[in-house]
Amino acid sequence: MEREEDINQVFEIPFAKRTYLRNSNSKLFVRTLLISPFLVLFFSFAGLTLNRFVSNEDKRLLGHLPYPEISKDKLVFIEPNIEVHIDMRESLLKMREEAKKDGVYLVFLSGYRSTNLQKDIFYSLKSIRNQIASERARVSAPPGYSEHSTGFAIDIGDYMQRDTDFEVEFEDTDAFEWLQRHAAKYHFKLSFNKNNKYIDYEPWHWRYEGSIEALKVFENSNRKSK
Ligand SMILES: [Zn+2]
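Letter by letter, the sequence shown follows residues 474 to 699 in this note's numbering.
Structure below.
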C-alpha cells in the first residue's frame, strides 16, 4: 500500500504543475502565439531596411556609388581614343550600325576613363567653374565613383548636332530619340534619368547591362533606383 501511495504522489506532482501553468500563463501564451508572425515580419522588415541603408547609402559619396577600376586586359579600343569593356564592344558597334540604317549617326564621345583621368576631370573642372565639390558632383563623379571606370559606360552624341555634346539639349536630337526607342535591344540603359535625386540628368550617358559582370557591377545602382 505504501508503495502505491508513493506512485500516486509521483504522478500528481506533474499534473498539478501543468494545471498551474495553464491557469496563469495561457492568455499570455496565446497572445504571444498570435502576434509572433507579426513580430517576425516586423524584425525582418527592420533588418532589411537597415541592411539596405548600410549597404547603399553609406557607400555613396556626394550621391555617387563607388565603382572598381576594370583591369586593362578587358579593355579594347573601338576608336583611336575610345576604350570600352570587351564584353560590350560588339553590342555597341552593332547599335551604331543599326542606327545608321535608320539615318541616325551616333558618335562615341567617351568610354573607359581611368580613376586618374577622372581625378583630373573632377578637380580641374571644379576649379575652372569655381564650384564646390557637392555642386560639381551633380555633373561629374568623384574619382573612384564613376561608371566610366568600369568600361561599361559610354557617352554618346549626335553627329549632326555636335553642339549638343554633353549637354541636356542632346535629348532633343534624333540620336537620343533613336536611343530611347532602341538602346534596350542592345542592353544599354540611361544611367541618370530625370528622376535621379543625386545626379543631374545626363541624356548622353548610357551603360551596358548585357553581361553577368556588368549586371553585378550595377546591381547596387539598380536596386537603389527601384
Ligand atoms: Zn558619362
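Think of the CB as a built atom: it goes at the ideal place given N, C-alpha and C, for glycine as much as any other residue.
Distance between residue j and residue i (C-alpha atoms, nearest Å)
i: Leu688; j: Ser499; result: 52 Å
i: Phe691; j: Asp673; result: 18 Å
i: Asn529; j: Arg696; result: In this prediction, Asn529 scores a pLDDT of 49, lower than 50, which makes its location untrustworthy; the coordinate-derived value is nonetheless stated afterwards. Each residue's alpha carbon lies about 9 Å from the other.
i: Val527; j: Arg533; result: Any reading at Val527 must be qualified, since the residue scores a pLDDT of 48, below 50, and its modelled position is unreliable; no value is offered.
i: Glu686; j: Asp560; result: 9 Å
i: Asn693; j: Asp628; result: 21 Å
i: Lys658; j: Tyr632; result: 21 Å
i: Trp677; j: Leu535; result: 21 Å
i: Leu590; j: Ser613; result: 12 Å
Closer than 7 Å: residue i CB and nearest ligand 1 heavy atom
i: Asp593; result: no
i: Asp628; result: yes
i: His678; result: yes
i: Glu556; result: no
i: Glu682; result: no
i: Ser700; result: The first residue shown for the chain is 474 and the last is 699, placing residue 700 beyond what the model contains.
i: Ser583; result: yes
i: Glu675; result: yes
Beta-carbon proximity check, residue i vs residue j, cutoff 8 Å
i: Gly617; j: Val580; result: no
i: Ser684; j: Ala626; result: no
i: Ala598; j: Arg609; result: Per the sequence shown, residue 598 should be read as Leu rather than Ala. Taking 8 Å as the Cβ cut-off, Leu598 and Arg609 qualify as a contacting pair.
i: Leu566; j: Ile551; result: yes
Check: Any contact of the stretch 615-626 with the stretch 533-553, i.e. 3+ C-beta pairs under 8 Å?
Finding: yes
Check: Hey, is the stretch 561-581 in contact with the stretch 645-658, meaning 3+ C-beta pairs nearer than 8 Å?
Finding: yes
Notebook entry, point to check: Hey, which unbroken runs of the alpha helix (DSSP H) at 4 residues or more fall wholly within the stretch 646-671?
Noted result: 647-655
Notebook entry, point to check: Hey, which unbroken runs of the alpha helix (DSSP H) at 4 residues or more fall wholly within the stretch 567-608?
Noted result: 588-601
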